[in-house]
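Some notes on the structure that comes next.
Protein chains: 2
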Amino acid sequence: MRIGELARRTNVSERSLRYYEAQGLLAADRTPGGHRDYPERAVDRVVLIQELFAAGLHSTKIAQLLPCMRDSDGGPSAVATPRLVADLTAERDRIDRTIADLVRSRDTLDEVIQVAEGT
Amino acid sequence: MRIGELARRTNVSERSLRYYEAQGLLAADRTPGGHRDYPERAVDRVVLIQELFAAGLHSTKIAQLLPCMRDSDGGPSAVATPRLVADLTAERDRIDRTIADLVRSRDTLDEVIQVAEGT
DNA sequence: GTAAAAGCTGACACTGATGTCAGATTCAAG
DNA sequence: CTTGAATCTGACATCAGTGTCAGCTTTTAC
Numbered sequence: 001m002r003i004g005e006l007a008r009r010t011n012v013s014e015r016s017l018r019y020y021e022a023q024g025l026l027a028a029d030r031t032p033g034g035h036r037d038y039p040e041r042a043v044d045r046v047v048l049i050q051e052l053f054a055a056g057l058h059s060t061k062i063a064q065l066l067p068c069m070r071d072s073d074g075g076p077s078a079v080a081t082p083r084l085v086a087d088l089t090a091e092r093d094r095i096d097r098t099i100a101d102l103v104r105s106r107d108t109l110d111e112v113i114q115v116a117e118g119t
Numbered sequence: 120m121r122i123g124e125l126a127r128r129t130n131v132s133e134r135s136l137r138y139y140e141a142q143g144l145l146a147a148d149r150t151p152g153g154h155r156d157y158p159e160r161a162v163d164r165v166v167l168i169q170e171l172f173a174a175g176l177h178s179t180k181i182a183q184l185l186p187c188m189r190d191s192d193g194g195p196s197a198v199a200t201p202r203l204v205a206d207l208t209a210e211r212d213r214i215d216r217t218i219a220d221l222v223r224s225r226d227t228l229d230e231v232i233q234v235a236e237g238t
């Protein structure tokens, strides 16, 4: 599929999709004229990339991570190095802390909201 | 207390503390010479500000929110407007979604880590 | 064959909290 | 008084993903 359709289906801008390619996160075939041609799997991949971005991972880390994932059409094409595993574990722990922080913040907000509503 | 001590105690840079003041998040008395002089309460306030920043709130929203909070030394000095309550509710819901996203991301990472460790 | 729609590359702007540096002033202690 | 540490203001830089625009080329539909 073309970049426009992929953008529509994933709700991600064409700009971002090209950026993902530049960062090595998303590969695409090319038509003879040079237009990007994405496989169906690209949809899931873009969603996954967005998810990891939302989790605070940087593109470099995602680029290392993606080849180690079970892909929708087969096993991982690379094995995570111990170094990468350590990095990912650190990220996982960071995410855990972030979640805990967010829960507290949400409770703080709830308190303010309840006080205001009780007025 | 002076800005240096506040920075040390909150683990927030002096730069950021001055920024908070410029954004109307953190007030400080001044010595005759112009140096900032913070009350003890400032410590808690800075921690709270950091927490709200971590939750993704922007300084403008925090500036609106803070006066409506039960302060350590008394009741709120302002009442949340319906508009603000709506905003905060939206933020709270956004945080909820963020938490859900993070949980999924963490699980994704865990999966990769486990696959790698099982090698 | 032609025109409109879609895609391409490359460059620059933006956000928003924070880092950093320079030069001047104030504070605290001897 | 003097000196060194702390603080002041103001300006510019950074990050990293994304927005946006220009100018050109390809694709698609008629």
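Those protein sequence lines, which keep their order, are chains S and Y. With our numbering applied, the first sequence has no gaps in its numbers, which climb one by one up to 119 at the end. With our numbering applied, the second sequence has no gaps in its numbers, which climb one by one up to 238 at the end. Cβ atoms here follow ideal geometry from the backbone N, Cα and C, with glycine treated the same way. A quick note: this is a predicted structure, and the numbers were derived from the prediction, not measured.
Check	Outcome
Neighbour flag for L125 of chain Y against chain S, beta carbons, 7 Å	no
Through-space distance from L144 of chain Y to V204 of chain Y, alpha-carbon basis	18 Å
Residue-chain proximity (L221 of chain Y, chain S), Cβ-Cβ < 7 Å	yes
Whole-angstrom distance between L52 of chain S and Q142 of chain Y, CA atom to CA atom	31 Å
Within the stretch 127 to 176 of chain Y, ranges of the alpha helix (DSSP H) (whole runs, at least 4 residues)	133 to 141 and 161 to 173
Contacting positions in the stretch 78 to 97 of chain S - beta carbon closer than 7 Å to chain Y	V79, A80, V85, L88, T89, E91, R92, I95 and D96
Environment of R189 of chain Y [buried if 16+ CB atoms lie within 10 Å]	exposed
Below-7 Å beta-carbon distance, A54 of chain S vs any chain Y residue	yes
Alpha carbon of L109 of chain S to alpha carbon of R149 of chain Y, nearest angstrom	31 Å
At least three beta-carbon pairs within less than 8 Å, the stretch 46 to 60 of chain S to the stretch 85 to 98 of chain S	yes
Neighbour flag for I26 of chain S against chain Y, beta carbons, 7 Å	Checking the sequence, you will find Leu at residue 26 of chain S rather than Ile. No - not a single Cβ of chain Y is within 7 Å of the one on L26 of chain S.
Where R202 of chain Y falls, given that 16 or more other Cβ within 10 Å makes a residue buried	exposed
Buried versus exposed call for V131 of chain Y [16 or more other C-beta atoms within 10 Å across all chains shown]	buried
Proximity below 7 Å, CB of I62 of chain S to CB of R36 of chain S	no
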